[in-house]
Amino acid sequence: MNATFVILLCSIVVLSGAAIFSIWIGRRNKSSENWSVGGRSLPIYVVAGTQFATGVGGGVLVAHIGIGYSAGWSAVTYNVLYSIGIILLVLLANWLKEQKFTTMPEIFKKLYGEHKIMMSIVTFLAIVVPFGWLCTQLVAFGSLFTEITGINFTLLILFFAAISLLFVLPGGLASVAWTDFIFGCLMIIMTVISGFYILDLAGGWSEITSKVPGNMVNLPEGLGAVGTTTIVFWILAIFPGALTNQMSYQRIYAASSPSVAKKGFIIAAIVGVISGIWASFMGIAVYSMNPDLTDPEMASGWFLTQIPLWFMALYGSFIIATIMSTVSSAVQSVVVNITTDIYQSYVNPNASDRKLLTLSRLMSVVVIALAVVLALYYPKALGWLVATYAYSASGLLVPIFGGFILRKSNRLSAKSAIGSMALGVLSAAVAQIVGTEIPYVAFGILGSLVGFIVFTYMFDDKSKSKEIVTDKEEVQI
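So the mapping is simple: the working numbering equals the position in the sequence shown, first residue as 1, plus 76.
So, in structure tokens, the structure goes:
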């Protein structure tokens, strides 16, 4: 039987089943609030599933297995660092849920007051990360499935982009979150199956360890095989990104209660660490069978050449579930910024619920179309989009958490946020241009902190008209 036909058939079955479920969820959740924040009623298992599925993305299939191939259990360290960042977000859960936010810019409006320039900067910084993820995930899908099926790269991206709309248009975050939960379950099942399969393929764990350097597989040595310097760089890069990703904040907004959000994120963090164990194990096993790959990130592709047709069909579904969960989440996140922070705030404040839903669906098509154009015509230039994570974190991390800490004071104003964001982005840009060995996001965050302190305490505007925040709640983990 033709391999391409079998892989496509299995993928279509998985996508069709999930799409039907998405449409059913959308028919039950027709309000703009359901589209934007899932009706603020998601249960623990859905919060955990959508946070895990969205955060993992296609990177675990290539980059993280590559880390395992070159540095043993170090992929676990990477995922532990990311999971710690996710858990830290629960510190804000009570306050975020109480304020009933929809987007990240609304956090700034609450902390610093209304200011068009500030809100425009925050909206842009909030959008660039999910849009960057969207473009890179489309390219990842096209690259992987071109290798598996031999189908043209352009056709694959067009097909995948069109299908992704079936998971966004019906119910926005409501349908995205519930289908993410399904995809997350599929991902967990396939990690177990593929783990046992490659263990057998490689001849068992004792055979694997006999062919791999001890510093990669021994514990705890293997957790740091990537090197102390790289781990420090990871800390500087991963924490800020995890703490400023709007898609994570949206899942807190969408939880039925602060307690549900906290438990869901903790579960997602634990499962995320398990996915790191899987990625490291896969990389180590591939190394034991073929230690001569010129590029560690080729490990995942090499594994695909070693598996039979039936398993490749299942693994193809695994790839689709992993990437689709991130793509659909990214589209919805970008669109909610456009409709809430731009259209509803400045164009049509009195827009009806029906109007917002219609615009959200229209903008979903526009956003995915723009992403497809970028993915098709500039696939080799998409590396610069990774920088959006660094610049977004450089601008957003300090004013979010600094503002949260000082929210009960009367010192915060739009000057604080604008100064912090501007100096943060500028510092990151200078560091990137100079070519520092330390990740330029570190300089961005330091610059943002300096800007926040200077503009908050030295240029405090006592006459500002901002409403003073008088929250009395205590933050509880």
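C-beta: ideal position from N, C-alpha, C; glycine also. Here the structure is a predicted model, which is why all the values come from computation and not from measurement.
Notebook entry, point to check: Starting from Gln420 and walking both ways along the alpha helix (DSSP H), at which residues does that stretch end?
Noted result: As a position in the sequence shown, residue 420 is number 344, starting the count at 1. Premise fails: Gln420 is in no alpha helix (DSSP H) and is neither H nor E.
Next item on the list: Note down, in chain order, each residue of its chain lying with its Cβ closer than 6 Å to the Cβ of Trp386, except the 5 sequence neighbours on either side.
Entry: Here the question's residue 386 lines up with position 310 in the sequence shown. Same-chain partners within the cutoff: there are none.
Notebook entry, point to check: What span of residues does the alpha helix (DSSP H) with Ile274 cover, start to end?
Noted result: As a position in the sequence shown, residue 274 is number 198, starting the count at 1. Unbroken alpha helix (DSSP H) run through Ile274: 249-277.
Notebook entry, point to check: How big is the Cα-Cα spacing for Ala490 and Lys186?
Noted result: Mapped onto the sequence shown, residue 490 falls at position 414. Mapped onto the sequence shown, residue 186 falls at position 110. Cα-Cα distance, rounded: 11 Å.
Check: What's the call for Gly218, buried or exposed, on a 16-neighbour Cβ count within 10 Å?
Finding: Stepping through the sequence shown from its first residue, residue 218 is reached at position 142. By the neighbour-count rule (16 or more Cβ atoms within 10 Å), Gly218 is buried.
Check: From this set, Ser107, Thr80, Leu137, which residue's C-alpha is nearest Ser351's C-alpha?
Finding: Here the question's residue 351 lines up with position 275 in the sequence shown. For the residues Ser107, Thr80, Leu137, the minimum Cα distance to Ser351 belongs to Leu137.
Notebook entry, point to check: Which residues bound the alpha helix (DSSP H) around Leu390?
Noted result: Counting from one through the sequence shown, the residue named residue 390 turns up at place 314. First-last of the alpha helix (DSSP H) with Leu390: 385-412.
Next item on the list: Look at the alpha carbon of Ala463 and the alpha carbon of Ala139, and state the distance between them as a whole number of angstroms.
Entry: The residue you call residue 463 lines up with position 387 of the sequence shown. The residue you call residue 139 lines up with position 63 of the sequence shown. When rounded, the distance between both Cα atoms is 17 Å.
Notebook entry, point to check: So, do the region 466-475 and the region 430-438 have three or more beta carbon pairs nearer to each other than 8 Å?
Noted result: With the cut-off at 8 Å, the region 466-475 and the region 430-438 do not touch.
Checklist line | For Val198, the nearest candidate out of Ala238, Ser428, Ser108, Ser496 (CA to CA) | finding: Taking the first residue of the sequence shown as position 1, residue 198 is located at position 122. Comparing Cα-Cα distances from Val198 to each of Ala238, Ser428, Ser108, Ser496, the minimum goes to Ser496.
Notebook entry, point to check: What did DSSP end up calling Leu473 once you bin it into helix, strand or coil?
Noted result: Taking the sequence shown and counting its residues from 1, the one referred to as residue 473 is at position 397. Here Leu473 sits in helix by DSSP.
Next item on the list: Rounded to whole angstroms, what's the CA-CA distance from Ile83 to Thr398? Just pull it up for me.
Entry: As a working note, residue 83 is residue 7 in the sequence shown. As a working note, residue 398 is residue 322 in the sequence shown. Rounded to whole angstroms, Ile83 to Thr398 spans 16 Å at the Cα level.
Check: Helix, strand or coil for Val551 per DSSP?
Finding: Translated into the one-based positions of the sequence shown, residue 551 becomes position 475. With a pLDDT of 45 at Val551, under the threshold of 50, the modelled position of that residue is not reliable, and the figure given next carries that caveat. If DSSP states are grouped into helix, strand and coil, Val551 belongs with coil.
Note to self: So, with DSSP's three-state summary, where would you put Leu118?
What the structure shows: To locate residue 118, count along the sequence shown from 1; it is residue 42. Correct three-state label for Leu118: strand.
Checklist line | Between the CA atoms of Ile311 and Ala318 - distance to the nearest angstrom | finding: The count along the sequence shown starts at 1 and reaches residue 318 at position 242. The count along the sequence shown starts at 1 and reaches residue 311 at position 235. The straight-line gap from Cα to Cα measures roughly 11 Å.
Next item on the list: Find out if the Cβ-Cβ distance for the pair Leu299, Val443 is shorter than 8 Å.
Entry: On the sequence shown, position 223 is the one that residue 299 refers to. On the sequence shown, position 367 is the one that residue 443 refers to. Cβ atoms of Leu299 and Val443: not closer than 8 Å.
Notebook entry, point to check: By how many angstroms is the C-alpha of Gly348 removed from the C-alpha of Ile183?
Noted result: Here residue 183 refers to the residue found at position 107 when the sequence shown is read from its first residue. Here residue 348 refers to the residue found at position 272 when the sequence shown is read from its first residue. Near 27 Å, if we compare the C-alpha coordinates of Gly348 and Ile183.
Notebook entry, point to check: Considering only the beta carbon of each residue, do Ala337 and Ala124 sit closer than 8 Å?
Noted result: In the sequence shown, counting from the first residue as 1, residue 337 sits at position 261. In the sequence shown, counting from the first residue as 1, residue 124 sits at position 48. Not in contact: Ala337 and Ala124 (Cβ atoms no closer than 8 Å).
Check: What are the boundary residues of the alpha helix (DSSP H) that Gly495 is part of?
Finding: Within the sequence shown, the letter at position 419 stands for residue 495. Its alpha helix (DSSP H) spans residues 490-510.
Margin query: Just to confirm the assignment, what range does the alpha helix (DSSP H) spanning Arg327 have?
Written below: Residue numbering aside, residue 327 sits at position 251 when the sequence shown is read from its first letter. Taken as a continuous stretch (DSSP letters only), the alpha helix (DSSP H) holding Arg327 covers 322-330.
Next item on the list: Leaving aside the five residues before and after Met194 along the sequence, list all residues of the same chain whose C-beta is less than 7 Å from its C-beta, in chain order.
Entry: Within the sequence shown, numbered from 1, the residue matching residue 194 stands at position 118. Hits under 7 Å: Phe184, Tyr188, Ala490, Ala493, Ile494.
Next item on the list: Jot down the residue ranges of each uninterrupted alpha helix (DSSP H) in the region 143-213, minimum 4 residues, whole runs only, in chain order.
Entry: Unbroken alpha helix (DSSP H) stretches of 4 residues or longer found wholly inside the region 143-213: 150-164, 169-175, 181-188, given in chain order.
Note to self: In whole angstroms, give me the CA-to-CA distance for Val517 and Ile269.
What the structure shows: Within the sequence shown, residue 517 is the residue found at index 441, counting from 1. Within the sequence shown, residue 269 is the residue found at index 193, counting from 1. So the two alpha carbons sit approximately 38 Å from each other.
Check: Hey, Ala301 and Gly148 are a contact pair by Cβ (cut 8 Å); roughly how many whole angstroms apart?
Finding: Position 225 of the sequence shown, counted from the first residue, corresponds to residue 301. Position 72 of the sequence shown, counted from the first residue, corresponds to residue 148. 4 Å between Cβ atoms; contact.
Check: Excluding sequence positions up to five away, which residues of its chain have a Cβ less than 7 Å from the Cβ of Gly161?
Finding: Counting from 1 along the sequence shown, the entry for residue 161 is found at position 85. Excluding sequence neighbours, Gly161 sits near Ile314, Phe315, Ala318, Leu319.
Check: For Thr126, which of helix, strand or coil comes out of DSSP?
Finding: Along the sequence shown, read from residue 1 onward, the residue named residue 126 stands at position 50. In the three-state scheme derived from DSSP, where H, G and I count as helix and E and B as strand, Thr126 is classed as helix.
Next item on the list: Excluding the 5 residues preceding and the 5 following Lys61 in the sequence, name in chain order all residues of the same chain whose CB lies nearer than 8 Å to its CB.
Entry: Any property of residue 61 remains undetermined from this structure, which presents the chain solely from 77 to 553.
Margin query: Taking its Cβ as the centre, do 16 or more other Cβ atoms sit within 10 Å of Tyr391, making it buried, or is it exposed?
Written below: In the sequence shown, the residue the question calls residue 391 occupies position 315. So Tyr391 counts as buried.
Item checked: Where the alpha helix (DSSP H) containing Thr305 begins and where it ends -> Residue mapping note: residue 305 aligns to position 229 of the sequence shown, counting from 1. First-last of the alpha helix (DSSP H) with Thr305: 304-319.
Note to self: With a threshold of 7 Å on Cβ separation, who are the neighbours of Ser409 within its own chain once the five nearest residues in sequence on each side are excluded?
What the structure shows: As a position in the sequence shown, residue 409 is number 333, starting the count at 1. Only Pro206, Gln322, Met323, Gln326 meet the Cβ criterion.
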